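Report on one structure; see the data block that follows.
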Amino acid sequence: MRKIFFSLLMVFSIGLFAQEDTTVVRPWAYDGFFSQQLNQVSFTNWAAGGENSFASTSIAVLTANYKKEKRTWENKLDLAYGLIKTQDTPTRKNEDRIDFLSKYGRSVSPKIAATALLNFKSQFTAGYNYPNDEDLVSAFMAPGYLLASLGFDYKPVEFLSLYLSPATGKFTFVNDETLSALGAYGVEPGKTFRPEFGALASIALVKDIFENVNLASKIDLFNNYTDSNKPNRKNTDVNWQTMLNMKVNKFITASMGFNLIYDHDIPVPLFTNVGGEEVQTGTGPRTQFKQLLGIGLSYNFKR
0 MRKIFFSLLM
10 VFSIGLFAQE
20 DTTVVRPWAY
30 DGFFSQQLNQ
40 VSFTNWAAGG
50 ENSFASTSIA
60 VLTANYKKEK
70 RTWENKLDLA
80 YGLIKTQDTP
90 TRKNEDRIDF
100 LSKYGRSVSP
110 KIAATALLNF
120 KSQFTAGYNY
130 PNDEDLVSAF
140 MAPGYLLASL
150 GFDYKPVEFL
160 SLYLSPATGK
170 FTFVNDETLS
180 ALGAYGVEPG
190 KTFRPEFGAL
200 ASIALVKDIF
210 ENVNLASKID
220 LFNNYTDSNK
230 PNRKNTDVNW
240 QTMLNMKVNK
250 FITASMGFNL
260 IYDHDIPVPL
270 FTNVGGEEVQ
280 TGTGPRTQFK
290 QLLGIGLSYN
300 FKR
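When we follow numbering that gives the first Met the number 0, the leftmost residue of the sequence shown carries the number 0, and every step to the right adds one.
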């Protein structure tokens, strides 16, 4: 009996080792982050004074990444929209972002891939030069930006990417008659489209730097080395976005971040203080900076 038992045990063990690995490796991976941030201030008989206000910002970040053998395809959609209402002013937007990035690559070495990149940026709704709510400064596809590029993506580690391209097309769209007539965002007055061709460097980092603390930062540097205005060829367009998400618990997240932009072709209003009032004296290229800080409900999923 003992011999039969050990014989059966041996046959069963051999069968286990002989079985093929049936684990299915899925080429697609999905990730999503949703956040609803709220901020409210209220005063009642407050001796020091103050103004009631309420702000709300919705954020959605979706990724769909494909990886199989030597091929990778990374897709990211970053959306944000926010409104603010104060006691003495109408409702205005304080955040508006559409950012879609797609990269398709084929490995030429363990850390380098030949890559095609496509990046689209715009906003959902019209923006105004407040407090003048009739002075339009932006709208959907005014501006809209499209980058189409061929280059190489270097990933020394999983959370860091360095993309370099000597051949990048940058296309600026201003599909609003009023803004187009003004020559806004670098287009010629009356035109709705401006093409540029140059070099692109893009550095992206996404990493959990501490437990429940995630840092995402991306900087794009574009140089139009074919600019018909030769002195302008030395200028580099900069777009740097950074977001730090701190998870308080399963459903509450605190976020802080900034967006820095410099584009020599985009003039911004210049002001001078005259008699205690800010008076616009002209326009010119300047570094644009936006900062945000908020806390709210959040939801994250991974597949």
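The beta-carbon is built from N, C-alpha and C at its ideal position, and this holds for glycine as well.
Keep in mind that this is a model prediction, so the values were computed, not measured.
Using only CA atoms, which one of ALA125, ASP134, THR225 lies nearest to LYS169?
By 1-based counting over the sequence shown, the position of residue 169 is 170. Of the candidates ALA125, ASP134, THR225, the one whose C-alpha sits nearest the C-alpha of LYS169 is THR225.
Suppose contacts are defined by Cβ-Cβ distances below 8 Å. Is TYR80 in contact with ASP98 by that definition?
One-based indexing of the sequence shown puts residue 80 at position 81. One-based indexing of the sequence shown puts residue 98 at position 99. Not closer than 8 Å, so no.
Could you work out which residue in SER201, PRO268, LEU214, ASN228 is closest to GLY283 when comparing CA atoms only?
To locate residue 283, count along the sequence shown from 1; it is residue 284. Comparing Cα positions, the closest option is PRO268.
By Cβ distance below 7 Å, which residues in the same chain neighbour PHE16 in space, the five residues on each side in sequence not counted?
Here residue 16 refers to the residue found at position 17 when the sequence shown is read from its first residue. Caution applies to PHE16, whose pLDDT of 49 falls short of 50 and renders its modelled position unreliable; the value that the coordinates give is listed next. Closer than 7 Å at Cβ, skipping near neighbours: no residue.
Keeping to the same chain, check which residues put their C-beta closer than 7 Å to that of PHE5; ignore five residues upstream and five downstream.
As a position in the sequence shown, residue 5 is number 6, starting the count at 1. Residue placement at PHE5 is poorly supported in this model, since its pLDDT is 46, which falls under 50; the coordinates still yield a value, given next. Around PHE5: no qualifying Cβ.
DSSP three-state label for THR191, please.
Looking up residue 191 in the sequence shown gives position 192. It is coil, neither helix nor strand.
Assess contact between the region 247-256 and the region 292-300, defined as three or more Cβ pairs (one per stretch) separated by less than 8 Å. Is contact present?
yes
From what residue to what residue does the alpha helix (DSSP H) around GLU276 run?
By one-based count along the sequence shown, residue 276 stands at place 277. Unbroken run through GLU276 is the beta strand (DSSP E), 276-283; no alpha helix (DSSP H).
Segment contact, 8 Å Cβ cut-off, at least three pairs: the region 233-245 with the region 123-140
no
DSSP three-state assignment for TYR80, whether helix, strand or coil
Counting from 1 along the sequence shown, the entry for residue 80 is found at position 81. The answer is strand: DSSP assigns TYR80 an E or B state.
Which one or two residues does DSSP pair with PRO268 in a beta bridge?
Numbered from 1 along the sequence shown, position 269 holds the residue referred to as residue 268. Beta-bridge pairing links PRO268 to THR282.
Our contact map puts THR114 next to TYR103 with C-beta atoms below 8 Å; I'd like the distance itself, whole angstroms only.
Against the sequence shown, residue 114 aligns to sequence position 115. Against the sequence shown, residue 103 aligns to sequence position 104. THR114 to TYR103, Cβ: 7 Å. Contact.
Do the CB positions of LYS84 and SER52 come within less than 8 Å of each other?
Residue 84 sits at position 85 when you count from the first residue of the sequence shown. Residue 52 sits at position 53 when you count from the first residue of the sequence shown. Yes, these two residues count as a Cβ contact at 8 Å.
Using only alpha-carbon positions, find the residue among PHE270, LEU78, THR90, ALA166 that is nearest to LEU116.
Counted from its first residue, the sequence shown places residue 116 at position 117. Among PHE270, LEU78, THR90, ALA166, the Cα nearest to that of LEU116 belongs to ALA166.
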